[in-house]
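A.B. asks: Listed in order, the protein sequences are those of chains A and B. Residues in the first sequence are numbered from 1 upward in steps of one, following my numbering. Residues in the second sequence are numbered from 1001 upward in steps of one, following my numbering. I am attaching a structure below and will ask some questions about it afterwards.
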Amino acid sequence: MVAEMTSKERVLAMLNRKQVDRVPVVTGSTMVKEYIEKSGGIWPDYHSNPEMMVNTAGLMHTDAGLDNVVVPFGMFIESHAVNLEVKMGRIDIQPSVRSFFSKPEDVKYDNFLEDKYVKTTLAAIKLAKEKFSDAAVTAFLVAPVTLAGDLMGAENLSVLSIKCLQKEKQMQKMKNWISVALEINRIYARACVEAGADILYYSDASASPNLVMPEFYYEVAVPAEKEIGDFVHSLGCPWELHICGNTTPIVEGMAATGANCLSIEQAVKMSEATKIAGDVPVIGNITPLLMVEGSKEQITEAVRNALDGGAKASMLGCGTPPLSTSDRLKTWVQAVADWSAENL
Amino acid sequence: MDDLPEKVQKLIKELDEAAEDEDLDKIEELTQILLKTGADVEAITLEKLSLLVMEGEEEMTQGWTRVAIQAGLNPFKTLIEGLAKGMSLIGAKYEKGEAFVPQLLIASSAMYGGMDLLNPYLKQEENTASKPLTVVIGTVEGDVHDIGKNIVKTLLSANGFNCVDLGNDVPASRFIEAAKENRATAISMSTLMTTTMAEMPKVIKMLEKEGMRDKLLVMVGGAPITTKYASQIGADASPNDASSAASWLKSSVSNYPSESARWD
């Protein structure tokens, strides 16, 4: 029997492959409309106001009972900071990147840390640490392949991902894009760790077999993710890797990146992923939509299926939908606690 | 093609090389020689085109489309039984899990590369062809992911539909306006994100409010969309992938009332 842990201790223990008092419940994004309104957040100010951001994100911990506090609210910060066009969405729609560069040399990142949203993220990390010292403060960041895709355009990434496997010249082109993305990743990662982040959560959505070839993932994405991951480890911080879609063909590669845990979605069978990943903890894979319209029974069943399949933390298969309801989030946390009481 | 005479096989190989090098004079010269061999140039060219599109070989597809034009093949037959067939072949492989999105994208580029060359010849015969049915297609508001939508559009076009592409991040009202303006037979909406799924029922409710729901079919698709969800929100179908979407719509419109019966 493990003594009662704080949320932060629980999540870090899971990442370090140690025993936990109950299975941690974590999230990757936290822009929940109900919590924005409850905490007095105003769209789009909460994207650039650290206090509003932390007040909203904090309710996922203090009200719903999740073990981490995650900032910022979307995958647009890195792109905005290199002057790509970003549409700010709505209170229930996350911001999205609307433009891209034609060549890697056009990407300028000398003033990356001066961007207002980057500054907000860093200030929000510091504030979250002060206000929620018991929670695992997590920075939500864009991983190298996805960032390269934002820089060159997702469709171009997909096409280049197959062409680079066929021609060396195209491979060099791909490596140039990835190299720029990694430079940006390093600058941002260091700043987040220095601001006090307990964990860096990297989403590499565009490295999914839904968009690129698994061969590309093994040949290009794994070394890139490993490079930024090793850098994060050298700063003394653990990191998590999330990839969307049916990642079954690439779980082995994900496990080889050195990530402290792998986050998968509902398209992947948890028991299969945990078997392939071996010692590397796998987390997930609750259908996100259940937080919007799922019944108590459906949520409980999804939680139990994932944990019975070997998940080391309970997490949604993708970001927390903005229209999630607090009662459903609490049902999710309770279902994890009940499973833990029976099984740990 | 292995059973073709050695001389013809050699010519095909030389044409492949000329197509890859984009050597237009050589393509013309070799096409004339091929025609003189008495081989079935139509069958050879259509098969080459379908395979090259399937493999995403854009330059070679364009080269062999030039062969088709110079050999005087029917442009519609070249489009449907050559270029579009190749797209359907890779679509079917994707459906079976034997191909990935990048392969669909390069096949799509190859098909459009060939279509660009065929277009002037297709237009000449336009008046004699029956009017294609229109599909209004787009990614819903808040979602900028349009790769899946573009692949659906390619396969719908390959199956003879006229696609009015509204792009991505499309407000619900825009789908309604475009359907009305174009007397559409179907609306096809996609989203990759759970966060923007709620835009789909919004469009369907607007169609009902405008009294347009019975005038057209509604297809919804994208990673988080299930058949159950489609039926809950009142859509007609949620095919698993682009290839199934094209087959579903093709079979659904076969007994569907005519455009004038629905819109006049």
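Beta carbons are placed, not taken as given, at the ideal position from N, Cα and C, and that holds for glycine.
Counting contacts by CB-CB distance shorter than 7 Å, is Val159(A) in contact with chain B?
C.D. replies: The sequence position of residue 159(A) within the first sequence is 159, counting from 1. By this cut-off, Val159(A) is an interface position.
A.B. asks: At the 7 Å Cβ level, is Leu289(A) part of the contact set with chain B, yes or no?
C.D. replies: As a position in the first sequence, residue 289(A) is number 289, starting the count at 1. By this cut-off, Leu289(A) is an interface position.
A.B. asks: Quick one: grab the DSSP three-state call for Met60(A).
C.D. replies: Your numbering for residue 60(A) matches position 60 in the first sequence. In the structure shown, Met60(A) sits in a helix (DSSP, three-state: H, G or I).
A.B. asks: If you count every other CB in all the chains shown that lies within 10 Å of the CB of Met53(A), and 16 or more means buried, which is it?
C.D. replies: By 1-based counting over the first sequence, the position of residue 53(A) is 53. Met53(A) comes out buried.
A.B. asks: Mind listing the chain B neighbours of Ala154(A)? Cutoff is C-beta to C-beta under 8 Å, in chain order.
C.D. replies: Along the first sequence, one-based indexing puts residue 154(A) at 154. In chain order: His1145, Ile1147.
A.B. asks: At 8 Å on the CB atoms, spell out the chain A contacts of Phe1076(B), in chain order.
C.D. replies: Within the second sequence, the letter at position 76 stands for residue 1076(B). Going along chain A, no residue has its Cβ under 8 Å from Phe1076(B), so there is no contact; the nearest lies around 28 Å.
A.B. asks: Helix, strand or coil: how does DSSP classify Ser208(A) here?
C.D. replies: Here the question's residue 208(A) lines up with position 208 in the first sequence. Ser208(A): coil per DSSP, three-state reduction.
A.B. asks: How would you write the range of the beta strand (DSSP E) that Val1140(B) sits in, first residue to last?
C.D. replies: Start at 1 with the first residue of the second sequence, and residue 1140(B) comes out as number 140. No beta strand (DSSP E) holds Val1140(B); DSSP gives it neither H nor E.
A.B. asks: Given a cut-off of 7 Å, decide if Ile1176(B) and Met1200(B) are closer than it, judged by their beta-carbon atoms.
C.D. replies: The count along the second sequence starts at 1 and reaches residue 1200(B) at position 200. The count along the second sequence starts at 1 and reaches residue 1176(B) at position 176. No, the Cβ-Cβ distance between Met1200(B) and Ile1176(B) is not below 7 Å.
A.B. asks: Can you pull out the residues from the region 1099-1112 of chain B whose beta carbon lies closer than 8 Å to at least one beta carbon of chain A?
C.D. replies: Going along the region 1099-1112 of chain B in chain order, one finds Phe1100, Val1101, Pro1102, Gln1103, Leu1105, Ile1106, Ser1109 with a Cβ nearer than 8 Å to chain A.
A.B. asks: Rounding to the nearest angstrom, what Cα-Cα distance links Ser208(A) and Met254(A) in this structure?
C.D. replies: Your numbering for residue 208(A) matches position 208 in the first sequence. Your numbering for residue 254(A) matches position 254 in the first sequence. Using only the alpha carbons, I get a separation of about 11 Å.
A.B. asks: With a threshold of 7 Å between beta carbons, is Thr1194(B) in contact with chain A?
C.D. replies: Here the question's residue 1194(B) lines up with position 194 in the second sequence. Closer than 7 Å to some Cβ of chain A, the Cβ of Thr1194(B) qualifies, so yes.
A.B. asks: Along the region 89-113 of chain A, what residues have a CB closer than 9 Å to any CB found in chain B?
C.D. replies: The residues in question are Gly89, Arg90, Asp92, Ile93, Gln94, Ser96, Val97, Arg98.
A.B. asks: Quick test of your reading: Leu1083(B) and Gly1114(B), contact by CB under 8 Å. State the CB separation rounded to the nearest angstrom.
C.D. replies: Here residue 1083(B) refers to the residue found at position 83 when the second sequence is read from its first residue. Here residue 1114(B) refers to the residue found at position 114 when the second sequence is read from its first residue. Yes, they are in contact, since the Cβ atoms of Leu1083(B) and Gly1114(B) sit about 5 Å apart, within 8 Å.
A.B. asks: Is there at least one non-hydrogen atom of the ligand GTP closer than 6 Å to the beta-carbon of Met1111(B)?
C.D. replies: Of the ligands one can find in the structure shown there are none, so the ligand GTP has no counterpart to examine.
A.B. asks: Just checking my contact of Val1203(B) with Met1189(B) at CB under 8 Å: how many whole Å lie between their CB atoms?
C.D. replies: Locating residue 1203(B) in the second sequence gives position 203, counting from the first residue. Locating residue 1189(B) in the second sequence gives position 189, counting from the first residue. Correct: roughly 6 Å between the Cβ atoms.
A.B. asks: In this structure, how does DSSP classify Ile91(A) when only helix, strand and coil are distinguished?
C.D. replies: Counted from its first residue, the first sequence places residue 91(A) at position 91. In this structure, Ile91(A) counts as coil in the three-state DSSP scheme.
A.B. asks: Around the Cβ of Val291(A), are there at least 16 other Cβ atoms within 10 angstroms (buried) or fewer (exposed)?
C.D. replies: Locating residue 291(A) in the first sequence gives position 291, counting from the first residue. The sequence as given places Met at residue 291(A); Val does not occur at that position. Buried, because 16 or more other Cβ atoms sit within 10 Å of the Cβ of Met291(A).
A.B. asks: Would you mind reading off the limits of the alpha helix (DSSP H) that contains Ser1247(B)?
C.D. replies: Within the second sequence, residue 1247(B) is the residue found at index 247, counting from 1. First-last of the alpha helix (DSSP H) with Ser1247(B): 1242-1253.
A.B. asks: Just checking: is the beta-carbon of Gly1142(B) within a distance shorter than 7 Å of some beta-carbon in chain A?
C.D. replies: Start at 1 with the first residue of the second sequence, and residue 1142(B) comes out as number 142. Chain A contact via Cβ: present.
A.B. asks: In terms of residues, what are the limits of the beta strand (DSSP E) holding Thr138(A)?
C.D. replies: Taking the first sequence and counting its residues from 1, the one referred to as residue 138(A) is at position 138. Where Thr138(A) is concerned, the enclosing beta strand (DSSP E) stretches over 136-142.
A.B. asks: Pick from Lys169(A), Val282(A), Lys296(A), Pro321(A): whose alpha carbon is nearest that of Met14(A)?
C.D. replies: Position 14 of the first sequence, counted from the first residue, corresponds to residue 14(A). Considering only alpha carbons, the answer is Val282(A).
A.B. asks: Once the 5 residues before and after Ser99(A) are set aside, which same chain residues still bring their CB inside 7 Å of it?
C.D. replies: Residue numbering aside, residue 99(A) sits at position 99 when the first sequence is read from its first letter. So the qualifying residues of the chain are Leu84, Glu85.
A.B. asks: Looking at Ala1107(B): is its Cβ nearer than 7 Å to the Cβ of Val1053(B)?
C.D. replies: Along the second sequence, read from residue 1 onward, the residue named residue 1107(B) stands at position 107. Along the second sequence, read from residue 1 onward, the residue named residue 1053(B) stands at position 53. In contact: Ala1107(B) and Val1053(B) (Cβ atoms closer than 7 Å).
A.B. asks: Can you list, in chain order, the residues of its chain whose CB lies under 7 Å from that of Phe76(A), leaving out five sequence neighbours each side?
C.D. replies: Within the first sequence, the letter at position 76 stands for residue 76(A). Val86, Pro95, Ser96, Val97.
A.B. asks: Tell me where the beta strand (DSSP E) around Glu240(A) begins and ends.
C.D. replies: Mapped onto the first sequence, residue 240(A) falls at position 240. Here the beta strand (DSSP E) through Glu240(A) covers 239-242.
A.B. asks: Would Ile283(A) pass as an interface residue toward chain B - the criterion being a Cβ-Cβ separation below 7 Å?
C.D. replies: Mapped onto the first sequence, residue 283(A) falls at position 283. Cβ-Cβ to chain B under 7 Å: no for Ile283(A).
A.B. asks: Just the C-alpha distance for Val25(A) and Gly1142(B), rounded to the nearest angstrom, thanks.
C.D. replies: Stepping through the first sequence from its first residue, residue 25(A) is reached at position 25. Stepping through the second sequence from its first residue, residue 1142(B) is reached at position 142. If I take the Cα positions, the gap works out to 28 Å.
A.B. asks: Could you tell me the alpha carbon to alpha carbon distance between Asp204(A) and Thr30(A), rounded to whole angstroms?
C.D. replies: Position 204 of the first sequence, counting from 1, holds the residue named residue 204(A). Position 30 of the first sequence, counting from 1, holds the residue named residue 30(A). The straight-line gap from Cα to Cα measures roughly 18 Å.
A.B. asks: Does the beta-carbon of Ile1033(B) have 16 or more other beta-carbons within 10 angstroms, so that it is buried, or is it exposed?
C.D. replies: On the second sequence, residue 1033(B) is found 33 positions in, with the first residue counted as 1. With fewer than 16 Cβ atoms within 10 Å of its Cβ, Ile1033(B) is classed as exposed.
A.B. asks: Spell out a yes or no on whether the region 172-183 of chain A and the region 120-127 of chain A are touching, meaning 3 or more CB-CB pairs, one atom from each, closer than 8 Å.
C.D. replies: Contact between the region 172-183 of chain A and the region 120-127 of chain A is absent, because fewer than three Cβ pairs lie under 8 Å.
A.B. asks: So, under 8 Å CB-CB, Met88(A) and Leu165(A) are touching, yes? Tell me the CB distance rounded to an integer number of Å.
C.D. replies: Locating residue 88(A) in the first sequence gives position 88, where the first residue counts as 1. Locating residue 165(A) in the first sequence gives position 165, where the first residue counts as 1. 36 Å between Cβ atoms; not a contact.
A.B. asks: Check for me: the beta strand (DSSP E) holding Asn1162(B) runs from which residue to which?
C.D. replies: Residue numbering aside, residue 1162(B) sits at position 162 when the second sequence is read from its first letter. 1162-1165 is the extent of the beta strand (DSSP E) around Asn1162(B).
A.B. asks: For Ser326(A), tell me which candidate among Val23(A), Ser39(A), Val2(A) has the shortest Cα-Cα distance.
C.D. replies: Numbered from its first residue, the first sequence carries residue 326(A) at position 326. The shortest C-alpha separation from Ser326(A) is found at Ser39(A).
A.B. asks: According to DSSP, is Val11(A) helix, strand or coil?
C.D. replies: As a first step, residue 11(A) is located in the first sequence; it is residue number 11 there, counting from the start. Helix, per DSSP.
A.B. asks: Considering only their Cβ atoms, is the gap separating Pro322(A) from Asp92(A) smaller than 7 Å?
C.D. replies: The residue labelled residue 92(A) in the question sits at position 92 within the first sequence. The residue labelled residue 322(A) in the question sits at position 322 within the first sequence. For Asp92(A) and Pro322(A), yes; Cβs fall inside 7 Å.
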